[in-house]
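Encoded as structure tokens, the structure appears first; notes follow it.
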Amino acid sequence: MSHRPEPRHPRFDFSELPQHWFADAPGLTHVANGLNLIFPHGERFFVRSVKHYLDQLDDPGLENQVRGFFGQEGSHAREHEAFFRRLESQGYDVQSFLGFYTRSARWLEDHFPPALNLAITAAAEHFTASLGEHALTDGILDEAHPVMRDLLRWHAAEEIEHKAVAYDVLMRVHPGYANRMLGLCLGSVLLVGYWVIGSVMLMRQEDMTSDRQRGLRRDLRRQRQGVVRGVFWRAIRSYVRRDFHPMDHDNLHLAEAEIEAMADRLAPTRQAA
Ligand SMILES: [Fe+2]
Ligand SMILES: [Fe+2]
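Numbers 1 to 273, taken from our numbering, label the letters of the sequence shown in order.
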């Protein structure tokens, strides 16, 4: 359990990214964009919820992993925000959603006990690692623009690398099953709820001819089958086991292979946007 997530600091260049970067399909693109929109604030929440317990860990090995986790999440948030600037330059209003999202999520965070915030983080990290494995193995990103493919595959690999950190902190400071399950319920509702709202907000800004509407519905059906049935349901089934641990599922080799394959593109090289 001593795998230390290594922070990397790539700079992706989004300046050439087309509007409908996912299979040239507005629906697929905005479903993916909606997930992107919730990452930075979510990742900073994950960091805060773990940092709250940092001085109680009394375990240099786990503290070392926690610091690697902080570094990785910080890099993810920065690169996703660079992508937001590209969305804005394409004419999309993302600030209305981000304002609603960050204010409401921060209100919840401030009113939930720290143990529950940490349980939500541990569950959300299980989902991001599960989505990461899906992204690396199911060919779902084959039709994405290369720069978004790189962003999302890098993010996916690092989610797998640090998948156990928040969970191990939770088990150290608040190991109760009821709190973990409450975190799973709330984490699921909040993740899916904000994701749907962000995606719908972007879709409503599209020019909606009836052909486009049919295309959106078809795109959404494609996503629902893969992500909801293939990822979320399986992830929930494993997480509810009383003896669950993220490392029971051996997929670190996927992350290692991906990081190695894209090593030349993970150097910090973004040009001015
Ligand atoms: Fe992340
Ligand atoms: Fe993460």
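Ideal Cβ placement from N, Cα and C applies to all residues, glycine included.
Buried or exposed by the 16-neighbour rule on C-beta atoms within 10 Å, applied to residue i
i: S96; result: exposed
i: N64; result: exposed
i: S15; result: exposed
i: H80; result: buried
i: Y167; result: buried
Residue i CB to nearest heavy atom of ligand 2 below 7 Å
i: F46; result: yes
i: E159; result: yes
i: E258; result: no
i: H162; result: yes
i: E6; result: no
i: T128; result: yes
Closer than 7 Å: residue i CB and nearest ligand 1 heavy atom
i: T121; result: no
i: H134; result: no
i: F39; result: yes
Residue i in three-state terms, based on DSSP
i: A122; result: helix
i: A144; result: strand
i: R153; result: helix
i: A272; result: Low per-residue confidence applies at A272: pLDDT is 45, beneath 50, and the placement is therefore not dependable enough to give any value.
i: R86; result: helix
i: M1; result: Interpretation of M1 is limited by its pLDDT of 48, a score under 50 that renders its predicted location unreliable; the figure taken from the coordinates is listed afterwards. Coil at M1, not helix or strand.
Through-space distance from residue j to residue i, alpha-carbon basis
i: V231; j: S130; result: 6 Å
i: L98; j: G34; result: 11 Å
i: N117; j: A144; result: 33 Å
i: R242; j: I236; result: 12 Å
i: Q72; j: P246; result: 18 Å
i: A272; j: R86; result: In this predicted model, A272 has a pLDDT of only 45, less than 50, meaning its place in the structure is not dependable; the value taken from the coordinates is given anyway. For A272 and R86, the distance between alpha carbons rounds to 12 Å.
First through last residue of the alpha helix (DSSP H) which encompasses residue i
i: W21; result: Element bounds for W21: n/a, residue is neither H nor E.
i: V94; result: Looking at the DSSP string, V94 is not in any alpha helix (DSSP H), and its letter there is neither H nor E.
i: Y167; result: 165 to 173
i: V189; result: 177 to 203
i: Y239; result: 233 to 239
i: L254; result: 252 to 261
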